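Trainee: Structure in structure tokens, see below.
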Amino acid sequence: MEDNGLSSCSFPFIVAEQEICLEICTLDNVIEAAEMADDNQIKTNLMEEKTQALYFIQEMGWLLHRSRVKVRLGPMAPVQDRFHFNRFIWLVGFSMDHDWCAVMKKLLNIVFEGTVDTGDHASVELALLEMGLLHKAVKRNCRPMVEILLKFVPVKASDGGDSNEKQVNKSPDRFIFRPDTVGPARLTPLHVAASMHGSENVLDALTDDPGMVIHFLLFCLYHIY
Numbered sequence: 000m001e002d003n004g005l006s007s008c009s010f011p012f013i014v015a016e017q018e019i020c021l022e023i024c025t026l027d028n029v030i031e032a033a034e035m036a037d038d039n040q041i042k043t044n045l046m047e048e049k050t051q052a053l054y055f056i057q058e059m060g061w062l063l064h065r066s067r068v069k070v071r072l073g074p075m076a077p078v079q080d081r082f083h084f085n086r087f088i089w090l091v092g093f094s095m096d097h098d099w100c101a102v103m104k105k106l107l108n109i110v111f112e113g114t115v116d117t118g119d120h121a122s123v124e125l126a127l128l129e130m131g132l133l134h135k136a137v138k139r140n141c142r143p144m145v146e147i148l149l150k151f152v153p154v155k156a157s158d159g160g161d162s163n164e165k166q167v168n169k170s171p172d173r174f175i176f177r178p179d180t181v182g183p184a185r186l187t188p189l190h191v192a193a194s195m196h197g198s199e200n201v202l203d204a205l206t207d208d209p210g211m212v213i214h215f216l217l218f219c220l221y222h223i224y
């Protein structure tokens, strides 16, 4: 049963691909540190981190469970059992804060399965863009996460075939996270990276994006001037 209280009679666990489990297993250190701390103030802070870690494992476990049900039942999966978008946002934020690229990619794939209820958003793409993930990855100066987002292309049911046979369409218009996307204060990820000290690697990733956005802009400027 789902136990939001994290009581002693319920302990969450994850069954997923190896690279995902390897990232999530780093939470073992957080949980062990909280149990071994002696100083009260330090122990209080570590216990909060432990609670957050266990909450992530619980929520991720339920999302994976519902994703599996959705894949198994297809159109017959109950609509009312979809994962709430606010819970999904929390999982994405936690993964971003830990620079978990494999988990992030899994979350992005799941949201396009129809497992997550995106509420009043016109589309999944718009819901994700409102989260400003590429801007956040750039601010964290995390090149692997920036590259994961730039390369991400959703696999939709309309692409045809089953989950093992789908051919992902990687035409430029299918890339969701673009280096020229305008965010807060009308700044793009490129603006953010250019204004940061020591962000050369991230800037390189943005200017070498698979959607060729920057190359197209430079081509246009060359022919204008």
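The sequence shown maps to residues 0 to 224 in numbering that gives the first Met the number 0. We put the beta carbon where it would ideally sit given N, CA and C, even for glycine. What you are looking at is a predicted structure, and each value in this text was computed from that prediction instead of being measured.
What are the complete beta strand (DSSP E) segments, minimum 3 residues, inside the stretch 96–140?
Mentor: Whole beta strand (DSSP E) segments, 3+ residues: zero.
Trainee: Determine the extent of the alpha helix (DSSP H) in which residue 187 is found, giving its start and end residues.
Mentor: No alpha helix (DSSP H) contains residue 187, which DSSP labels as neither H nor E.
Trainee: Residue 202: buried (16+ other C-beta within 10 angstroms of its C-beta) or exposed?
Mentor: Answer is buried; the Cβ neighbour count reaches 16.
Trainee: Would the stretch 132–149 count as touching the stretch 51–62 if we require 3 or more Cβ pairs under 8 Å?
Mentor: No contact exists between the stretch 132–149 and the stretch 51–62.
Trainee: Looking at the unbroken alpha helix (DSSP H) that takes in residue 198, where does it start and where does it end?
Mentor: Where residue 198 is concerned, there is no enclosing alpha helix (DSSP H), given that its DSSP letter is neither H nor E.
Trainee: Between the stretch 87–102 and the stretch 58–65, can you find at least three pairs of beta-carbon atoms closer than 8 Å?
Mentor: Contact between the stretch 58–65 and the stretch 87–102 is present, because at least three Cβ pairs lie under 8 Å.
Trainee: Please state the DSSP three-state secondary structure of residue 82.
Mentor: In this structure, residue 82 counts as strand in the three-state DSSP scheme.
Trainee: Assuming residue 33 is part of the alpha helix (DSSP H), what are its boundary residues?
Mentor: Unbroken alpha helix (DSSP H) run through residue 33: 26–35.
Trainee: Cα separation between residue 143 and residue 173?
Mentor: One C-alpha to the other measures close to 20 Å.
Trainee: What's the gap between the Cα of residue 208 and the Cα of residue 178?
Mentor: The straight-line gap from Cα to Cα measures roughly 7 Å.
Trainee: Do you know how far the Cα of residue 198 is from the Cα of residue 109?
Mentor: Cα to Cα, the separation comes out at about 30 Å.
Trainee: Apart from the five residues just before and just after residue 176, which ones in its own chain have a Cβ nearer than 7 Å to its Cβ?
Mentor: Once the five neighbours on either side are set aside, the close Cβ partners of residue 176 are 132, 133, 148, 149, 151.
Trainee: Can you say whether residue 2 is buried or exposed, counting buried as having 16 or more other CB atoms within 10 angstroms of its CB?
Mentor: Because the pLDDT at residue 2 is just 46, under 50, the model does not fix this residue reliably, and the value given afterwards should be weighed accordingly. Residue 2 should be labelled exposed.
Trainee: May I ask you to report which of helix, strand or coil DSSP gives residue 87?
Mentor: Three-state result, residue 87: helix.
Trainee: Can you tell which of 49, 48, 83 has its C-alpha closest to the C-alpha of residue 65?
Mentor: That would be 83, whose Cα lies nearest to the Cα of residue 65.
Trainee: Where residue 187 and residue 204 are concerned, what is the direct C-alpha to C-alpha distance, given to the nearest angstrom?
Mentor: For residue 187 and residue 204, the distance between alpha carbons rounds to 14 Å.
Trainee: Relative to the alpha-carbon of residue 105, which residue among 193, 68, 15 has its alpha-carbon at the smallest distance?
Mentor: Considering only alpha carbons, the answer is 15.
Trainee: What residues in its chain sit with their C-beta under 7 Å from that of residue 48, if we drop five residues either side in the sequence?
Mentor: The answer, listed in chain order, is 29, 33.
Trainee: Where does residue 25 land, buried or exposed, given buried means 16+ other C-beta within 10 angstroms?
Mentor: Residue 25 comes out exposed.
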